[in-house]
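Engineer: Take the sequence shown: its letters are residues 2 to 162, numbered as in the numbering used here.
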Amino acid sequence: AAAMRPRATSGAGFSDYDSGSNDVTLRCADFDTTTQEYAMFKIAMPDIWNEGTVTFKPYWTNTGGASTETVVFSMAGAALSNDDALNATRGTVQTSTDTWLAQNDLHVGPESSAITIGGTPAAGDLVVFEVSRVVASDNMAGDARLIGVMLYITTNAFNEP
2 AAAMRPRATS
12 GAGFSDYDSG
22 SNDVTLRCAD
32 FDTTTQEYAM
42 FKIAMPDIWN
52 EGTVTFKPYW
62 TNTGGASTET
72 VVFSMAGAAL
82 SNDDALNATR
92 GTVQTSTDTW
102 LAQNDLHVGP
112 ESSAITIGGT
122 PAAGDLVVFE
132 VSRVVASDNM
142 AGDARLIGVM
152 LYITTNAFNE
162 P
């Protein structure tokens, strides 16, 4: 989440989580329980990316919840090549739904379905991703604190050219 930024409109809050006596400090994107909020990050994709779909797993914790409550994170992306307009349309939005386990524990959500990247993806493109908490689809009482995401890509070679 340290590489993420709030979206200009309806952006998520950002804070540092301190674990307590062992001082594990983590930068988090804090998603409200009632308002749809967004964060963005970008990755220059490797030349060996096959320009296909990607998936993600959210790593998160929370400020409140109970064992029957769930949180839903979504993600979409847009590929940008040299001379493309920066105001790109994102592709397919996919979600990952996870159940609250324990307060202040690391939660790792399940892998999402395949995300089709918007634009015309090409090897070496800059891909801009948007992450959100889908508050209309979840029921967790507290803020969801996104610590990071695992991004899965498919490659078509073993080494960069």
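For every residue, glycine included, the Cβ atom is placed at its ideal position computed from N, Cα and C.
All values reported here derive from a predicted model rather than from experimental measurement.
According to DSSP, simplified to helix, strand and coil, what is valine 136?
Structural biologist: Note: valine 136 maps to coil in three-state DSSP.
Engineer: Would you call the stretch 79 to 93 in contact with the stretch 117 to 137, where contact means no fewer than 3 C-beta pairs closer than 8 Å?
Structural biologist: The stretch 79 to 93, when compared against the stretch 117 to 137, does touch it at the 8 Å Cβ threshold.
Engineer: Starting from glutamine 104, trace the beta strand (DSSP E) both ways and give me its first and last residue.
Structural biologist: Counting along the chain, glutamine 104 falls outside any beta strand (DSSP E), and DSSP gives it neither H nor E.
Engineer: On a CA-only basis, which of Asp139, Leu81, Ala77 and Val73 is nearest valine 109? Give me that one, please.
Structural biologist: When each option's Cα is compared against that of valine 109, the closest is Val73.
Engineer: Any idea what DSSP makes of aspartate 17, helix, strand or coil?
Structural biologist: Strand, per DSSP.
Engineer: On the DSSP letters alone, give me the boundaries of the beta strand (DSSP E) that glycine 65 sits inside.
Structural biologist: Counting along the chain, glycine 65 falls outside any beta strand (DSSP E), and DSSP gives it neither H nor E.
Engineer: Which partner residues does alanine 80 have in the DSSP bridge list?
Structural biologist: DSSP, once it has assigned bridges, lists Val128 as partnering alanine 80.
Engineer: Would you say the stretch 43 to 53 touches the stretch 141 to 159, given that touching needs at least three Cβ pairs under 8 Å?
Structural biologist: The answer is yes - the stretch 141 to 159 touches the stretch 43 to 53, with three or more Cβ pairs under 8 Å.
Engineer: Where does arginine 6 sit, in a helix, a strand or coil, going by DSSP?
Structural biologist: It is a strand residue.
Engineer: Taking the alpha-carbon positions, what's the leucine 152 to phenylalanine 57 distance?
Structural biologist: Going from the Cα of leucine 152 to the Cα of phenylalanine 57 covers about 5 Å.
Engineer: Is DSSP giving serine 11 helix, strand or coil here?
Structural biologist: In this structure, serine 11 counts as coil in the three-state DSSP scheme.
Engineer: Does the distance from the CB of alanine 80 to the CB of valine 128 come in under 7 Å?
Structural biologist: Yes; because the gap between Cβ atoms is below 7 Å, this pair is in contact.
Engineer: At the level of alpha carbons, what is the spacing between arginine 6 and phenylalanine 42?
Structural biologist: Straight-line Cα distance between these residues: approximately 6 Å.
Engineer: Would you grab the beta carbon distance between methionine 76 and isoleucine 116 for me? Rounded to a whole angstrom, and I think it's under 8 Å.
Structural biologist: About 6 Å separates the two Cβ atoms, so the contact holds.
Engineer: Taking only heavy atoms of the ligand ADP into account, decide whether any of them is closer than 6 Å to the Cβ of valine 73.
Structural biologist: By its list of ligands, the structure shown contains no ligand whatsoever, and the ligand ADP lies outside what it can speak to.
Engineer: Kindly confirm or deny that the stretch 12 to 32 and the stretch 137 to 149 touch, where touching means at least three C-beta pairs closer than 8 Å.
Structural biologist: Result yes; three or more Cβ-Cβ pairs closer than 8 Å.
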